[in-house]
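S.K.: Numbering of the sequence shown is given in the numbering used here, commencing with residue 89 and proceeding in unit increments.
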Amino acid sequence: MTALYTASATATGDGRSGHTRSSDGVLDLDLAVPKEMGGPGGHLTNPEQLFAAGYAACFHSALKRVASSQKITLTDTAITVDVGIGPREQGGFGLTVAIEAELPGLDEATAQSLIDAAHQLCPYSNATRGNVDVTLTIA
89 MTALYTASAT
99 ATGDGRSGHT
109 RSSDGVLDLD
119 LAVPKEMGGP
129 GGHLTNPEQL
139 FAAGYAACFH
149 SALKRVASSQ
159 KITLTDTAIT
169 VDVGIGPREQ
179 GGFGLTVAIE
189 AELPGLDEAT
199 AQSLIDAAHQ
209 LCPYSNATRG
219 NVDVTLTIA
């Protein structure tokens, strides 16, 4: 694969309680461990939120592209991605992903067909396929 674009970010400090910054400075955030994982939580973000935001935006773009290729007009759509983190049975930590699509005005079969096709197109879905449990639902 030849990359069309490469994003670069650097994490410093204490990892999950440190700082992250993109190479262009657009993203420049302090991080905090969520309360659920023993940290302070609060008004700082964490890697799972960043991953969820990126996945939601990417999946939404894939959905729009698939719909456009099928001459289906989408209005007022929303994609919500929940990213869970927890210990794996074989050690270490793993992620789970739940993708919920709001596709008003579409029948269930069409909506399901679109999200299934978007899941095949989306780079985040392709990156996680086979190693992260991903569920797709229609709101």
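Beta carbons are placed, not taken as given, at the ideal position from N, Cα and C, and that holds for glycine. Since we're looking at a predicted model, the values are computed, not measured.
Please work out which residues of its chain come closer than 7 Å, Cβ to Cβ, to C210, disregarding the five sequence neighbours upstream and downstream, and give them in chain order.
M.R.: C146, F147, A150
S.K.: What do you reckon, are the CB atoms on V169 and Y143 nearer than 9 Å?
M.R.: yes
S.K.: Using the Cα positions of G103 and A95, report the straight-line distance between them to the nearest angstrom.
M.R.: 19 Å
S.K.: For the beta strand (DSSP E) holding H131, just list the boundary residues, first then last.
M.R.: For H131, there is no enclosing beta strand (DSSP E), as DSSP marks it with neither H nor E.
S.K.: For T111, which of helix, strand or coil comes out of DSSP?
M.R.: What sits at residue 111 in the sequence shown is Ser, not Thr. Reduced to three states, the DSSP call for S111 is coil.
S.K.: Give the DSSP-derived three-state secondary structure of D195 in the structure shown.
M.R.: coil
S.K.: Going by beta carbon distance, what residues of the same chain come within less than 6 Å of P128, once the five residues before and after it are set aside?
M.R.: A120
S.K.: Evaluate the contact criterion for the segment 195-202 versus the segment 172-185: three or more CB pairs, one atom per stretch, below 8 Å.
M.R.: no
S.K.: With respect to the beta strand (DSSP E) encompassing P229, which residues constitute its N-terminal and C-terminal limits?
M.R.: Nothing can be reported for residue 229: it is not among the residues displayed for the chain, which extend from 89 to 227.
S.K.: Can you tell me where the beta strand (DSSP E) holding A189 begins and where it ends?
M.R.: Looking at the DSSP string, the run of the beta strand (DSSP E) that includes A189 is 181-190.
S.K.: Smallest Cα separation from T108: which of L138, S213, G174?
M.R.: L138
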